[in-house]
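Student: First to last, the protein sequences are chains L and U.
Using our numbering, you'd call the opening residue of the first sequence number -14 and step up by one each time.
Using our numbering, you'd call the opening residue of the second sequence number -14 and step up by one each time.
2 protein chains.
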Amino acid sequence: MLNRLQLTATVEREAELRYTPAGLPVLEMWLKHQSRQREANLERDVACEIQAVLIGKQAPQWGGKLAGQQVAVSGFLAQRSLRNPRLVLHIEHVEFVKG
Amino acid sequence: MLNRLQLTATVEREAELRYTPAGLPVLEMWLKHQSRQREANLERDVACEIQAVLIGKQAPQWGGKLAGQQVAVSGFLAQRSLRNPRLVLHIEHVEFVKG
């Protein structure tokens, strides 16, 4: 089952690194994307903001380094919780975007 | 700038085909995704619901045919409007998923 989002964005805000009760490191952040896209043969401005989370051994490697940075991220979308349908991007890969 | 979502989902609801004031056909729908994904070397259940829109000449081709169907869609994410940050998938490609 396909569930894959690829996005370049600015990291508007980055939370403190924290750990789940099971000891898994978790890094939450808020991403802002702006771009031009084509739709029905028309160019249009596109903007969106999305919460993202990086869970596991990558989290401490990136903690404290992302706020304000341009990044390219990919991962899957999940709703925040059973009762909260807000979409969260679960990051599998992150890299800085130059320039 | 990357902004690409690929998702397999069930079309929970499909609106009537409508036209913008400029005459562009618009087909709105609500998608439900469920799958298993790997995160931090652990398998986990993932669910999410997202509103989607198909704008342009494809819209009339699919109108009335999607409700209840399993589809594979791809496109870009945008917030619903300047004041409404809810994420909407703007579909560029849709196909039925067999079985």
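Don't be surprised by glycine CBs; every beta carbon is placed ideally from N, CA and C.
1) Within 8 Å of any Cβ in chain L, is that where the Cβ of G41/U sits?
2) Where G49/U and A0/U are concerned, what is the direct C-alpha to C-alpha distance, given to the nearest angstrom?
3) Output the boundary residues of the beta strand (DSSP E) element that contains Q64/U.
4) Can you pull the chain L residues whose beta carbon is under 7 Å from the beta carbon of L(-8)/U, in chain order?
5) Which residues, taken in chain order from the segment 54 to 70 of chain L, show a beta carbon closer than 7 Å to some beta carbon of chain U?
6) Please report the distance separating the alpha-carbon of L(-13)/U from that of L74/U.
7) List, in order along the chain, the chain U residues whose C-beta lies closer than 8 Å to that of A25/L?
8) Q64/U and V82/U - do their beta-carbons sit closer together than 8 Å?
9) What does V31/U touch in chain L if you count any residue whose Cβ is under 7 Å from its own?
10) Do you know how far the Cα of A32/U is from the Cα of M14/L?
Tutor: Checking against the coordinates, here is how it stands:
1) Here residue 41/U refers to the residue found at position 56 of the second sequence. Interface residue, yes.
2) Sequence index remark: in the second sequence, residue 49/U carries index 64 (1-based). Sequence index remark: in the second sequence, residue 0/U carries index 15 (1-based). Roughly 8 Å separates the two Cα atoms.
3) The residue given as residue 64/U occupies position 79 in the second sequence. Bounds of the beta strand (DSSP E) holding Q64/U are 55 to 64.
4) For the purposes of this step, residue -8/U is taken as the residue at position 7 of the second sequence. Neighbours of L(-8)/U on chain L, chain order: L(-13), N(-12).
5) Listed by position along the chain: A57, F61, L62, A63, Q64, P70.
6) For the purposes of this step, residue -13/U is taken as the residue at position 2 of the second sequence. For the purposes of this step, residue 74/U is taken as the residue at position 89 of the second sequence. Roughly 14 Å separates the two Cα atoms.
7) Here residue 25/L refers to the residue found at position 40 when the first sequence is read from its first residue. Chain-order list of chain U residues neighbouring A25/L: L9, I40, G41, K42, by C-beta distance under 8 Å.
8) The sequence position of residue 82/U within the second sequence is 97, counting from 1. The sequence position of residue 64/U within the second sequence is 79, counting from 1. No. Outside cutoff.
9) In the second sequence, residue 31/U corresponds to position 46, counting from 1. Residues of chain L passing the Cβ test: N(-12), F61, A63.
10) On the first sequence, residue 14/L is found 29 positions in, with the first residue counted as 1. On the second sequence, residue 32/U is found 47 positions in, with the first residue counted as 1. Taking C-alpha positions only, M14/L is separated from A32/U by approximately 20 Å.
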